[in-house]
Amino acid sequence: MRRILFLMLALASTLLPGLAHAWWQPDWAYRKPITIDGGPKGGAIGGDAGRTPVLVRLHTGNFNFQDVNESGNDLRFVGADDKTVLNYQIEQFDPLLGIALVWVDVPALSAGAPQQLWMYYGNPKAPAYGNGQRTFDSDYTLVYHFAEANVPPRDTTAYGNHGQTAVVSVDGTVIGKGAKLGGAPLMLPATPSLEVAAGGKFTFSAWVRPDKLGANQLIYARRGNGAELLIGVDAGVPFVQVNGKRSSPGQPIQAGQWSYIAVKSDGQNVALLVGGHPSVSLPAALPALNTSAAIGGDTEASSGLESFSGAIDELRLSRVARPDALLLADAVTQGGDSHLVAFGTDEKQAGKSHFGFILSAMPLDAWIVVIVLGLMMILSWAIMISKGRFYAATSQANAIFMKLFHETAGAPLDQLGRSNRVPEQIKQDSSLWRLYDVAVDEMRRRHDRGYDMTAVSAATIDAIRAAMDGVMVRENERMAKRMIWLSTTIEGAPYVGLFGTVIGIMLVFVVAAMAGAVDINSVAPGMAAALLCTAAGLGVAIPALFGYNWLGSRADAIGADMAVFVDEFATRLAEEQGDGRHLRAVQLQA
Numbered sequence: 034m035r036r037i038l039f040l041m042l043a044l045a046s047t048l049l050p051g052l053a054h055a056w057w058q059p060d061w062a063y064r065k066p067i068t069i070d071g072g073p074k075g076g077a078i079g080g081d082a083g084r085t086p087v088l089v090r091l092h093t094g095n096f097n098f099q100d101v102n103e104s105g106n107d108l109r110f111v112g113a114d115d116k117t118v119l120n121y122q123i124e125q126f127d128p129l130l131g132i133a134l135v136w137v138d139v140p141a142l143s144a145g146a147p148q149q150l151w152m153y154y155g156n157p158k159a160p161a162y163g164n165g166q167r168t169f170d171s172d173y174t175l176v177y178h179f180a181e182a183n184v185p186p187r188d189t190t191a192y193g194n195h196g197q198t199a200v201v202s203v204d205g206t207v208i209g210k211g212a213k214l215g216g217a218p219l220m221l222p223a224t225p226s227l228e229v230a231a232g233g234k235f236t237f238s239a240w241v242r243p244d245k246l247g248a249n250q251l252i253y254a255r256r257g258n259g260a261e262l263l264i265g266v267d268a269g270v271p272f273v274q275v276n277g278k279r280s281s282p283g284q285p286i287q288a289g290q291w292s293y294i295a296v297k298s299d300g301q302n303v304a305l306l307v308g309g310h311p312s313v314s315l316p317a318a319l320p321a322l323n324t325s326a327a328i329g330g331d332t333e334a335s336s337g338l339e340s341f342s343g344a345i346d347e348l349r350l351s352r353v354a355r356p357d358a359l360l361l362a363d364a365v366t367q368g369g370d371s372h373l374v375a376f377g378t379d380e381k382q383a384g385k386s387h388f389g390f391i392l393s394a395m396p397l398d399a400w401i402v403v404i405v406l407g408l409m410m411i412l413s414w415a416i417m418i419s420k421g422r423f424y425a426a427t428s429q430a431n432a433i434f435m436k437l438f439h440e441t442a443g444a445p446l447d448q449l450g451r452s453n454r455v456p457e458q459i460k461q462d463s464s465l466w467r468l469y470d471v472a473v474d475e476m477r478r479r480h481d482r483g484y485d486m487t488a489v490s491a492a493t494i495d496a497i498r499a500a501m502d503g504v505m506v507r508e509n510e511r512m513a514k515r516m517i518w519l520s521t522t523i524e525g526a527p528y529v530g531l532f533g534t535v536i537g538i539m540l541v542f543v544v545a546a547m548a549g550a551v552d553i554n555s556v557a558p559g560m561a562a563a564l565l566c567t568a569a570g571l572g573v574a575i576p577a578l579f580g581y582n583w584l585g586s587r588a589d590a591i592g593a594d595m596a597v598f599v600d601e602f603a604t605r606l607a608e609e610q611g612d613g614r615h616l617r618a619v620q621l622q623a
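In terms of the working numbering, the sequence shown opens at residue 34 and continues consecutively.
Quick look at the structure:
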């Protein structure tokens, strides 16, 4: 019965109005709107960046850490439709310091109209989010946040290209923690996912802060089979070098300041970007590279190039040429003063839908009507369920009894009763057994009074049939018991609901007239509550109507089976033990 009531509530919920304020899931108590604006008034990225991991910085100025779990595992990011769950990855979450760094996978970032996301939180029972690696698309082959202290950096993509050497952790970088460079270089693994094909596509990006502006300082170096790809800073001017061919001087960077440097190759040209903006371009295709790469130094000690002295943060490698708009979005959103991401005011779940608003507006008389209808619904459903089980048990028992009855064809009719082949449960549930039992009992009583049961007269057969008909009438009455309540519910529930609606509307107009307010806001809640009574009446009557018709068909089928059995029993009795059989036996003896 609980399952049926649940299905009823689920069906009713589809007919009710939507929530007053769409809410992704009721288990989350709070949400914060986040606006991503790549237009001129926001990040000004100047084009379509496509799928972009956007950094969301939370601090005590824009977020209340008291309402979120200590580990931040109840954070969820949902699209503007309040349905699409977005991947995200937590780099740092420290409620004591009041800071959190979260990377959110924005499916489509453009310079067009701003788009809104929802950040949900406030669910103590929420499990930890398990799809953090999907925040960065499959073309990102290495992403180091350097969030771990004084250990080899961990790759947060699904490829697992973790660093091979430990780094010294640096606090207070552009994004949380970073790594200090200047000694031995950080070695990257030589894995298939990091291979670069000849003429292949590639993107490198990182935040760097040089301690001093020395000559030929290498940020990234990869060599193999006489080929090379070098990225560095020469006297404060970033450069890229492919097979000995170096780019011309471009936009310089400053010592002691963080700068965003990116290098990308589309297969024909290698472009160098500083701060997300194109700086210089080198007409060259990348060579095939499948060896280990070095960060902050060279893979060859005798190259004559210097190690980079300073700090690095948010290192990324890709096997595609990232759009300029995406690299600019990275520079904008990851910088200290981001105009790409804007936060709205936190919202707390009201916990009340349109339906809940209607319930709160219901007067006492409407509640009385709804309670009466609720009692009618409970009683009608209890009758339908109990009747359904009764009819099912009767039909099953009748089928088993008829099988046993047909197996005794040719034997005396009372043999089935004397053989104890019929189980007690079948005797209890089968209406056909009760018809058979009364017929056999009538035959036994006549035999005890001296009647010749080998030559049963037509009058005796009629008497036995009448006894069976009497039992059949009582069985039909038993099946129809309490069915009158269902028909009453079908006819009466809509009228009870309509009565509540009429009374409710009368009170609405009376109260509005007495208050002198006739605007829609004053009468709409009361009228909606009044109409709910009619809806409740129909909700009670319609299932009862369906159930009544279904139960009626089951009862008719059982009644038909009983009528057929009475005819079959009487026919066998007349054929096997009637006058005609006796006369035929006498003639054969003569």
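The beta carbon of each residue, even a glycine, is placed where N, CA and C say it ideally should be.
In this structure, F179 places its C-beta atom within 9 Å of the C-beta atom of G209.
Residue Y153 holds the alpha-carbon nearest to the alpha-carbon of F110 among T567, L263, V504 and Y153. Two segments are said to touch when three or more pairs of C-beta atoms, one from each, lie closer than 8 Å; by this definition the region 227-236 touches the region 339-353. In the three-state DSSP reduction, D188 falls in the strand class (E or B). Taking C-beta atoms as the reference points, D60 and K213 fail to come closer than 9 Å. With distances taken between CA atoms, Y173 lies nearest to E347 out of S342, E347, A288 and V275.
Under DSSP, the beta-bridge partners assigned to Q122 are W136.
Taking each of A426, G450, L565 and R467 in turn and checking the Cα distance to G533, the smallest one comes out for L565. Taking C-beta atoms under 8 Å as the contact rule, S298 and L306 fail to qualify, at a distance of about 12 Å. Leaving aside the five residues that flank S281 on each side, the residues in its chain whose CB is nearer than 6 Å to its CB run, in chain order, V313. The region 125-132 and the region 61-73 do not touch, with fewer than 3 CB-CB distances between them shorter than 8 Å. Closest in alpha carbon position to A199, among T206, P186, T190 and Y192, is P186.
The three-state reading of DSSP puts I401 in helix, counting H, G and I together. Taking the Cβ atoms as the reference, L571 lies roughly 16 Å from G537, outside the contact range of under 8 Å. Residue burial annotation: S464 is buried, with at least 16 other C-beta atoms found within 10 angstroms of its C-beta.
Taking a cut-off of 8 Å on C-beta distances, the region 324-337 does not touch the region 266-275, as fewer than three cross pairs fall below it. Within 10 angstroms of the beta-carbon of A588 lie 16 or more other beta-carbons, which makes it buried.
Taken in chain order, the whole beta strand (DSSP E) runs of length 3 or more contained in the region 257-305 are 260-267, 270-275 and 292-298. The Cβ atoms of Y293 and D363 sit closer than 9 Å to each other. In this structure, the CA atom of A317 is about 6 Å from the CA atom of Q301.
Contact between the region 415-432 and the region 584-603 is present, with at least three C-beta pairs closer than 8 Å. Assigned with DSSP and collapsed to three states, E475 falls in helix. For Q367, the uninterrupted alpha helix (DSSP H) run begins and ends at D357 to Q367, by DSSP. In the DSSP assignment, R451 falls within the alpha helix (DSSP H) that extends over Q448 to R451.
Ranked by Cα distance from Y63, the options L359, V303 and L108 are led by L108. In the same chain as V89, and ignoring 5 residues on each side of it, the C-beta atoms closer than 7 Å to its own belong to I67, V135, V137 and V374, in chain order. Rounded to the nearest whole angstrom, the C-alpha separation of G309 and A295 is 7 Å. In this structure, F598 sits away from Y484, with a CB-CB distance that is not shorter than 9 Å. For E347, the enclosing beta strand (DSSP E) has its first and last residue at G343 to S351. R498: member of the alpha helix (DSSP H) spanning A491 to A513, first to last residue.
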